[in-house]
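1 is the number of the first residue of the sequence shown in UniProt numbering; add one for each residue after it.
Cβ coordinates follow ideal geometry from the N, Cα and C atoms, glycine included.
Just so it is clear, the structure is predicted and the values come from calculations on it, not from any experiment.
Since the structure comes first, as structure tokens, the remarks are kept for the end.
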Amino acid sequence: MRSPRSRRCTSASASSAGPAERAVLRLALFDLDDTLFAHARAVREGIVAHTSALGAAYSADPLDVQRRWHLLEEEHYHRYLSGELDFEGQRRARATAFAAQAGVTLTPEEASSWFREYLDHYVAAWALHDDALPVLDRLDAAGIRIGVVTNGVLDVQLAKIEGLGLADRIEHVIASGDVGVAKPDALIFAIACDRFGVAPGDALYVGDRLGTDAIGAAAAGLRGVWLDRVGGPEHGRELPPEALALDVRRVGSLDALDAQLELRRA
């Protein structure tokens with residue numbers, strides 16, 4: 001990760017700032033998967049490539065393959081986040097369940113191997129969203145420090161950051177698997193702000209999940225921004241009262257974040 005700037009804000013200076021100074025953004029925190037990193041796209045491409053390589057037993061419509069794999073990811077990754085499964089266990093559970101849908105029974109060892117082979121295809125499809133690097137560069141040019149807060153295993157998320165070429169743009173990565181608490185718990189956002197020595201009110205958090213990311217961050221005192229790449233009210237995605245009460249903002253792309261930053265500094 002990059003070295004902190006010489007103008008790093010300490011906890012003391014943040015807490016002693018006057019109202020006008022507190023309105024100045026000092027820190028931009030981002031979710032990683034599906035915010036900066038096009039995770040869902042890599043998952044879709046990875047599982048189709050993997051099942052194609054496995055042969056006839058897994059032959060199915062690619063859209064159906066993607067749908068079923070997505071549902072299993074959501075189910076078992078949340079079992080990991082809740083503490084029901086460990087990280088490797090949720091991987092095995094996903095592989096076992098997907099194979100069973102194709103009439104294939106996997107032992108735990110076979111499930112681990114199956115998932116490792118899938119990961120090769122997933123990693124081959126890694127890419128950033130097109131708007132990720134430009135917004136990070138603009139924030140850096142404005143003197144705003146940058147970090148990542150992610151629900152996942154630290155080593156896994158660091159490998160993504162390194163592989164995607166983000167390591168020199170991100171100062172700190174706070175991962176739930178490392179700190180023992182996951183979004184939307186306010187504690188993980190507090191840990192992130194403390195890591196930077198910045199008051200929550202001087203920090204902004206951007207993520208693609210409304211509840212987990214934007215509402216969770218706003219409830220913890222940060223400025224919560226929901227990255228809604230799918231679309232706004234025309235897609236039936238109105239902001240709920242809880243988000244409105246917390247002044248959560250919605251953007252359709254990271255390029256639109258610039259307007260929110262100007263709004264917040266006004």
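To the nearest angstrom, how far is the alpha carbon of residue i from that of residue j?
i    : j    : result
I174 : A245 : 27 angstroms
Y77  : A38  : 17 angstroms
V84  : V123 : Reading off the sequence, residue 84 comes out as Glu, not Val. Their backbone Cα atoms lie some 26 angstroms apart in a straight line.
D131 : L164 : 14 angstroms
S200 : A53  : According to the sequence as given, residue 200 is Pro; it is not Ser. Computed Cα separation, rounded: 47 angstroms.
G221 : P134 : 27 angstroms
L119 : A111 : 12 angstroms
A203 : A186 : 14 angstroms
E231 : D213 : Reading off the sequence shown, one finds Gly at residue 231, where the question assumed Glu. The alpha-carbon atoms of G231 and D213 are separated by roughly 17 angstroms.
V248 : A218 : 7 angstroms
With H, G and I counted as helix, E and B as strand and the rest as coil, what does DSSP make of residue i?
i           : result
D247        : coil
L72         : helix
R2          : coil
W126        : coil
D61         : coil
A53         : helix
residue 274 : Given a span of 1 to 266 for the chain in the structure shown, any question on residue 274 remains unanswerable.
G252        : coil
residue 340 : With the chain covering 1 to 266 only, the question about residue 340 has no answer from this structure.
G224        : strand
Quick check on the burial criterion: 16 or more other C-beta atoms within 10 angstroms. Buried or exposed for residue i?
i    : result
R94  : buried
P184 : buried
D31  : buried
A100 : exposed
D208 : buried
T107 : exposed
T105 : exposed
G55  : exposed
D33  : buried
F87  : exposed
Between residue i and the rest of its own chain, which residues show a CB-CB distance below 7 angstroms, the 5 nearest in sequence each way excluded?
i           : result
Y58         : T51 and A102
residue 280 : Shown here, the chain extends from 1 to 266; a query on residue 280 therefore has no answer.
I47         : V65, Q66, W69 and Y118
T35         : V206, G207, D208 and L227
Please tell me whether, using a cut-off of 8 angstroms, the distance from the CB of residue i to the nearest non-hydrogen atom of the ligand ATP is below it.
i   : result
L25 : Of the ligands one can find in the structure shown there are none, so the ligand ATP has no counterpart to examine.
Output needed for residue i: all residues of its chain with C-beta closer than 6 angstroms, excluding positions within five of it in sequence on either side, in chain order.
i    : result
S253 : D131
D168 : R2
F115 : R91 and A95
Exercise for review: May I have a chain-ordered list of the alpha helix (DSSP H) segments no shorter than 4 residues that lie completely inside the segment 113-182?
Suggested key: Runs found: 132-141, 154-163 and 176-179.
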